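Engineer: Here it is, the structure in full.
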Amino acid sequence: MQAGSPGYGRIYGGVQTLVAGSNTFSFNPVDNAGGDLAIIQRVTLQLKANLAGTAAASDSILLENVLVNLP
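In this text, residue positions in the sequence shown follow the working numbering: the first is -6, and each later residue adds one.
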C-alpha cells in the first residue's frame, strides 16, 4: 500500500506463497500514528519471481474477486 503525498510512505503487507489454482490472502494495515491510512492512494500486488518456472515474459496472473476494505 502506498500513502499519498507528500512523503509517499509505504505500508508493507507480507510475503504470500502462491500455489497453482486459487489463492486467498488478506492484509490488514495497522495505523502507524502518522495518519497514513487516511491518505492511501495505491494498493499493489508485486510478484517477486516468475510463475511455475517459466520465462517471466510469458507469466500472467488473473485477479478475481479483489476486495479492498479501508478502515
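Positions of the beta carbon are idealized from the N, C-alpha and C atoms, including for glycine. Since the structure is predicted, the reported quantities are computational estimates derived from the model, not experimental observations.
Below 8 Å on the Cβ atoms is my contact criterion, and I expect residue 61 with residue 36 to pass it. Report the Cβ-Cβ distance as a whole number of Å.
Structural biologist: With a Cβ gap of about 6 Å, residue 61 and residue 36 count as contacting.
Engineer: Can you grab the Cα-Cα spacing for the pair residue 15 / residue 39, in whole Å?
Structural biologist: The alpha-carbon atoms of residue 15 and residue 39 are separated by roughly 17 Å.
Engineer: As a quick exercise: from 27, 17, 21 and 24, pick the residue whose alpha carbon is nearest that of residue 57.
Structural biologist: Nearest of 27, 17, 21 and 24 to residue 57, Cα basis: 17.
Engineer: What does the alpha-carbon distance come out to for the pair residue 23 and residue 10?
Structural biologist: Computed Cα separation, rounded: 22 Å.
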